[in-house]
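>
There are 2 protein chains.
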Amino acid sequence: MQTITPSISQMRSARDRILLIAYDLFYREGIRATGIDRVIAESGVAKVTFYRHFPSKNVLIHEFLEYRHQRWMAWFVDALQRHGGGVKALSPALAEWFTDQGFRGCAFINSVGELGTSLPEVLEITRRHKNEMTDVIANLLPTSRHRKQDAQALALAVDGAIIRAQYDQTPDAALTALEVIQKSLLNIKK
Amino acid sequence: MQTITPSISQMRSARDRILLIAYDLFYREGIRATGIDRVIAESGVAKVTFYRHFPSKNVLIHEFLEYRHQRWMAWFVDALQRHGGGVKALSPALAEWFTDQGFRGCAFINSVGELGTSLPEVLEITRRHKNEMTDVIANLLPTSRHRKQDAQALALAVDGAIIRAQYDQTPDAALTALEVIQKSLLNIKK
DNA sequence: GACGTAGTAGACAGACTTGTCTACATAACA
DNA sequence: TGTTATGTAGACAAGTCTGTCTACTACGTC
Numbered sequence: 001m002q003t004i005t006p007s008i009s010q011m012r013s014a015r016d017r018i019l020l021i022a023y024d025l026f027y028r029e030g031i032r033a034t035g036i037d038r039v040i041a042e043s044g045v046a047k048v049t050f051y052r053h054f055p056s057k058n059v060l061i062h063e064f065l066e067y068r069h070q071r072w073m074a075w076f077v078d079a080l081q082r083h084g085g086g087v088k089a090l091s092p093a094l095a096e097w098f099t100d101q102g103f104r105g106c107a108f109i110n111s112v113g114e115l116g117t118s119l120p121e122v123l124e125i126t127r128r129h130k131n132e133m134t135d136v137i138a139n140l141l142p143t144s145r146h147r148k149q150d151a152q153a154l155a156l157a158v159d160g161a162i163i164r165a166q167y168d169q170t171p172d173a174a175l176t177a178l179e180v181i182q183k184s185l186l187n188i189k190k
Numbered sequence: 001m002q003t004i005t006p007s008i009s010q011m012r013s014a015r016d017r018i019l020l021i022a023y024d025l026f027y028r029e030g031i032r033a034t035g036i037d038r039v040i041a042e043s044g045v046a047k048v049t050f051y052r053h054f055p056s057k058n059v060l061i062h063e064f065l066e067y068r069h070q071r072w073m074a075w076f077v078d079a080l081q082r083h084g085g086g087v088k089a090l091s092p093a094l095a096e097w098f099t100d101q102g103f104r105g106c107a108f109i110n111s112v113g114e115l116g117t118s119l120p121e122v123l124e125i126t127r128r129h130k131n132e133m134t135d136v137i138a139n140l141l142p143t144s145r146h147r148k149q150d151a152q153a154l155a156l157a158v159d160g161a162i163i164r165a166q167y168d169q170t171p172d173a174a175l176t177a178l179e180v181i182q183k184s185l186l187n188i189k190k
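Listed in order, the protein sequences are those of chains R and L.
Mapping of the first sequence onto full-length UniProt numbering: position 159 corresponds to residue 159, and the numbering continues sequentially without gaps.
Mapping of the second sequence onto full-length UniProt numbering: position 64 corresponds to residue 64, and the numbering continues sequentially without gaps.
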């Protein structure tokens with residue numbers, strides 16, 4: 001994924017600076033672990049300015065997830081293209097992400113674990129995100145009766161691979177297991 | 001999984017009461033979201049007593065994960081047995097857990113998301129936990145050259161299913177996808 | 001009878017939380 | 001010229017967090 005936070009220069013509006021800093025901190029250190037004061041300090045903005053744009057931390061969390069969704073999906077589609085576009089592109093595309101310095105798992109899965117109980121909208125945004133991810137995966141597969149089912153299974157395996165790469169802190173086992181599933185799911189079975 | 005927290009009566013030692021309460025709160029509401037004061041209040045213990053047994057919150061987190069590991073593994077092995085013992089037992093066993101009132105995903109995956117960055121030992125405990133889970137899964141499979149590899153792939157799919165059941169808040173899609181993977185992984189391929 | 005262990009209640013320190021408020025500056029635009 | 005939008009600095013409220021401390025109680029065992 002894009003590590004390069006698009007240069008949080010003075011050029012950008014206060015709102016953009018806040019969102020980009022939150023994007024970075026929330027993903028890197030966790031949402032609960034990141035205080036509003038830190039976001040404010042690092043985006044070089046006044047407190048009033050912050051609260052004018054984001055009336056509460058929950059609003060910022062929401063905007064963060066929406067923004068993350070946009071950027072991640074854009075990256076995902078692009079990476080799959082760059083790696084050939086078929087279902088075989090899945091593993092090398094994910095490898096790109098998993099080996100990124102800043103990789104810390106799926107922002108949505110992490111948020112569900114952190115906030116799922118107290119902030120139900122996180123569940124809903126996550127479902128939307130994963131549905132879109134599944135759609136993109138389905139488009140990699142040849143049309144067939146069981147395309148949708150295969151895409152769901154693959155998406156589940158991708159989630160498993162993300163988790164595994166996260167706690168292993170190395171992508172190898174995750175990618176191997178994903179490829180095993182992918183192959184058995186597609187080569188065989190009519 | 002066992003919802004019935006083994007009756008936190010006055011009979012138990014202060015240490016046990018603290019650990020059982022923490023077990024419940026940490027899993028249900030998250031670790032960061034649960035303050036030490038709350039654990040102390042709900043276990044009906046004095047602050048000094050708490051700190052005598054658990055010198056810091058991090059120690060409690062550690063003990064919580066160890067305890068969770070013990071209980072979850074015991075439940076898993078038992079549930080697989082009860083459902084017939086083969087690889088076919090996997091899905092009904094997990095269904096048991098996923099439909100439990102108190103199901104909130106995997107305590108280890110959740111902890112990694114919450115604390116992985118700041119508390120590296122969480123990663124290590126999680127790896128150990130998942131390794132043991134994978135071993136148990138391997139024992140469900142017939143001996144063959146690719147047994148270990150299949151177990152790794154299945155374990156990855158199980159993680160994916162846990163996540164999916166968690167954010168879906170219903171186990172159906174997760175179990176279906178898991179079964180698709182399981183079947184294609186085992187029926188076919190020599 | 002003295003000592004160690006395990007327990008109680010509750011005040012306190014110091015840091016950090018989210019969010020509000022006052023008072024002021026600058027630029028665009030009607 | 002006056003209004004609106006956007007920005008600044010920073011004090012403050014009210015609460016929560018982890019962890020320490022004093023002072024006292026009860027039980028079992030050597």
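By construction, the Cβ of each residue, glycine as well, lies at the ideal position given by its N, Cα and C atoms.
Excluding the 5 residues preceding and the 5 following GLU42/L in the sequence, name in chain order all residues of the same chain whose CB lies nearer than 6 Å to its CB.
Against the second sequence, residue 42/L aligns to sequence position 42. So the list reads ILE21, once near-sequence residues are dropped.
> Where does the unbroken alpha helix (DSSP H) through THR176/R begin, and where does it stop?
Counting from one through the first sequence, the residue named residue 176/R turns up at place 176. It spans 172-186 - the alpha helix (DSSP H) in which THR176/R sits, taken as one unbroken run.
> Which of helix, strand or coil does DSSP assign to PRO92/R?
In the first sequence, counting from the first residue as 1, residue 92/R sits at position 92. Three-state result, PRO92/R: helix.
> Under three-state DSSP, which class holds GLY44/R?
Within the first sequence, the letter at position 44 stands for residue 44/R. DSSP places GLY44/R in coil when its eight states are reduced to three.
> Does LYS189/L come out as helix, strand or coil in the three-state DSSP assignment?
The residue labelled residue 189/L in the question sits at position 189 within the second sequence. Note that LYS189/L scores a pLDDT of 45, beneath 50, so its modelled location is shaky; the value from the coordinates is reported in the next line. It is coil, neither helix nor strand.
> Which same chain residues, not among the five before or five after THR3/L, have their C-beta less than 8 Å away from its C-beta?
Reading the second sequence from its first residue, position 3 is the one you call residue 3/L. Per-residue confidence for THR3/L stands at a pLDDT of 43, beneath the threshold of 50, marking its modelled position as unreliable; no derived number is given.
> Can you check which of these residues, GLU63/R, ILE163/R, ALA46/R, ARG52/R, is closest to ASP24/R by C-alpha distance?
In the first sequence, the residue the question calls residue 24/R occupies position 24. For ASP24/R, the nearest C-alpha among the options comes from GLU63/R.
> Going along the chain, which residues of its own chain have a beta-carbon closer than 6 Å to the beta-carbon of ALA107/R, five neighbours each way excluded?
Residue 107/R sits at position 107 when you count from the first residue of the first sequence. Cβ neighbours of ALA107/R beyond the five flanking positions: TYR27, ARG68.
> In whole angstroms, what is the alpha-carbon distance linking ASP159/L and ILE163/R?
As a first step, residue 159/L is located in the second sequence; it is residue number 159 there, counting from the start. As a first step, residue 163/R is located in the first sequence; it is residue number 163 there, counting from the start. Cα to Cα, the separation comes out at about 7 Å.
> Give the secondary structure of ASP100/L by DSSP, where H, G and I count as helix, E and B as strand, and everything else as coil.
Locating residue 100/L in the second sequence gives position 100, where the first residue counts as 1. Note: ASP100/L maps to coil in three-state DSSP.
> With a threshold of 6 Å on Cβ separation, who are the neighbours of THR34/L within its own chain once the five nearest residues in sequence on each side are excluded?
Here residue 34/L corresponds to residue number 34 of the second sequence, with the count starting at 1. If we look at THR34/L and ignore the five residues flanking it on each side, its Cβ neighbours are LEU25, PHE26.
> Report all residues from its chain with a CB closer than 8 Å to the CB of ILE61/R; omit the five preceding and five following residues, and keep chain order.
Looking up residue 61/R in the first sequence gives position 61. Here the set comprises PHE26, ILE31, SER111, LEU115, LEU119, VAL122.
> Can the beta-carbon of THR117/R be found less than 9 Å from the beta-carbon of ARG104/L?
Start at 1 with the first residue of the first sequence, and residue 117/R comes out as number 117. Start at 1 with the first residue of the second sequence, and residue 104/L comes out as number 104. Result yes, Cβ atoms of THR117/R and ARG104/L sit closer than 9 Å.
> Does the Cβ of ARG52/L have 16 or more other Cβ atoms within 10 Å, making it buried, or fewer, making it exposed?
As a working note, residue 52/L is residue 52 in the second sequence. Classification for ARG52/L: exposed.
> Going along chain R, which residues have a C-beta under 7 Å from residue 206/L?
No information on residue 206/L is available, as it lies outside the stretch 1 to 190 that chain L covers here.
> Using the C-alpha atoms, what's the distance from ALA173/R back to GLN98/R?
Within the first sequence, numbered from 1, the residue matching residue 98/R stands at position 98. Within the first sequence, numbered from 1, the residue matching residue 173/R stands at position 173. Contrary to the premise, residue 98/R reads as Phe rather than Gln in this sequence. If you take the alpha carbons of PHE98/R and ALA173/R, they lie about 11 Å apart.
> Output the distance between the C-alpha atoms of ARG147/L and GLN152/R, rounded to the nearest integer angstrom.
Indexing the second sequence from 1 puts residue 147/L at position 147. Indexing the first sequence from 1 puts residue 152/R at position 152. Between ARG147/L and GLN152/R, the C-alpha separation is close to 24 Å.
> Report buried or exposed for ALA46/L, applying the criterion of at least 16 other Cβ atoms within 10 angstroms of its Cβ.
Working through the second sequence from its first residue, we reach residue 46/L at position 46. It is exposed - the Cβ of ALA46/L has fewer than 16 other Cβ atoms within 10 Å.
> Using DSSP with H/G/I as helix, E/B as strand and the rest coil, what is ILE31/R?
By 1-based counting over the first sequence, the position of residue 31/R is 31. Correct three-state label for ILE31/R: coil.
> Just how far apart, CA to CA, sit ALA161/L and ILE181/L?
Taking the second sequence and counting its residues from 1, one reaches residue 161/L at position 161. Taking the second sequence and counting its residues from 1, one reaches residue 181/L at position 181. Cα to Cα, ALA161/L sits roughly 11 Å from ILE181/L.
> Pick out whichever of ILE36/R, PHE54/R, ASN139/R has its Cα sitting closest to the Cα of ARG15/R.
Numbered from its first residue, the first sequence carries residue 15/R at position 15. The candidate whose alpha carbon is nearest that of ARG15/R is PHE54/R.
> For ILE125/R versus LEU65/R, is the C-beta distance shorter than 9 Å?
The sequence position of residue 125/R within the first sequence is 125, counting from 1. The sequence position of residue 65/R within the first sequence is 65, counting from 1. Yes. Within cutoff.
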